[in-house]
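Here's the structure, in structure tokens; my notes come after.
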């Protein structure tokens, strides 16, 4: 548990899922990507996260991503296997990931249009009851009550809560309400939001940027750990255009921008699967290239 909590206070990188020319998961390229991230010192790798297009993967593809990530990381980075969909499927994916050697399980936010918030919290609690390794709850809504968050934080098998809402007042309230628990509150909104989250008492942040510029993510992390918010802001300013592009089309370009940037640096990891934005248009691609060249230099 302490190993997982320690990793959560660092960078939780979310690798993209590469595809072959016929649209299948490219395990070879994924392995190369994971090895690079592990060598770069990314503390925690969330295999099959949202940047990894979890909801467009079949369950067998998710298992392939988990298996490949564990093998490629080779113990150099913690591997958290992301699971979700029905509770039964999530438990089965978790069980198989642990058998492959995953260090932790990240439960995706249960995406049901008729879900009750307290029952979404119960989904995480049930997953944590069943898992034999620590669980990270990925909460993408501010509809959970403070009591819901307290239950998650008090669960003996929940290592951390990946808080992916911009409701900073709620974040501050739940951190105060759970200050006597060892649960780690992680910024689930990437580098741009990390300074505000750190100021509220959260630690660590998730990152899709690490797929492209891991050294920039590390520099931001080190500045925040040192309490140097001015340096962190300056570093974040340099990638603000990149992150802004990811929010286009109601976040539909989130993964698209990352994948196209990786291609600009020499590795074609394939398009994004529908319903994500498959590809940028020419004007957007030119804008992204300018950003990539500037950050690279």
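In our numbering, the protein residues as written are -7 to 289.
Every residue gets a Cβ at the ideal spot worked out from N, C-alpha and C, and that includes glycine.
This structure is a prediction, so every number in the text was calculated from the model and none was measured.
Any idea what DSSP makes of residue i, helix, strand or coil?
i	result
residue 254	helix
residue 38	strand
residue 145	helix
residue 8	coil
residue 32	coil
residue 182	coil
residue 15	coil
residue 151	strand
residue 176	strand
residue 66	coil
residue 50	coil
residue 264	coil
residue 171	coil
residue 22	helix
residue 259	coil
residue 187	helix
residue 43	coil
residue 161	helix
residue -1	helix
residue 245	coil
Check whether the Cβ atoms of residue i and residue j lie closer than 8 Å to each other.
i	j	result
residue 208	residue 1	no
residue 370	residue 183	Any question about residue 370 goes unanswered here, given that the chain covers just -7 to 289.
residue 67	residue 38	no
residue 236	residue 223	no
residue 132	residue 157	yes
residue 219	residue 287	no
residue -4	residue 88	no
residue 10	residue 29	no
residue 270	residue 264	yes
residue 178	residue 153	yes
residue 155	residue 180	yes
residue 45	residue 247	yes
residue 326	residue 62	With the chain represented from -7 up to 289, any question about residue 326 goes unanswered, as that position is not in the structure.
residue 102	residue 112	yes
residue 33	residue 210	yes
In terms of residues, what are the limits of the beta strand (DSSP E) holding residue i?
i	result
residue 98	96 to 99
residue 110	Premise fails: residue 110 lies in the alpha helix (DSSP H), 109 to 122, not in any beta strand (DSSP E).
residue 5	3 to 5
residue 129	127 to 131
What residue range is occupied by the uninterrupted alpha helix (DSSP H) comprising residue i?
i	result
residue 75	First-last for residue 75: 70 to 75, but that is the beta strand (DSSP E), not the alpha helix (DSSP H).
residue 157	Where residue 157 is concerned, there is no enclosing alpha helix (DSSP H), given that its DSSP letter is neither H nor E.
residue 80	79 to 92
residue 237	232 to 238
residue 274	274 to 288
residue 137	Counting along the chain, residue 137 falls outside any alpha helix (DSSP H), and DSSP gives it neither H nor E.
residue 293	Residue 293 lies beyond the range of the chain shown here (-7 to 289); nothing can be said about it.
Our contact map puts residue i next to residue j with C-beta atoms below 8 Å; I'd like the distance itself, whole angstroms only.
i	j	result
residue 169	residue 142	6 Å
residue 254	residue 203	6 Å
residue 35	residue 70	6 Å
residue 82	residue 75	4 Å
residue 120	residue 159	Going by Cβ atoms, the distance from residue 120 to residue 159 rounds to 23 Å, so no, they are not a contact pair.
residue 130	residue 98	6 Å
residue 283	residue 233	5 Å
residue 55	residue 85	7 Å
residue 187	residue 221	5 Å
*Just list the beta strand (DSSP E) runs in the stretch 190 to 229, keeping only unbroken ones of 3 residues or longer that don't cross its boundaries, in chain order.*
197 to 199
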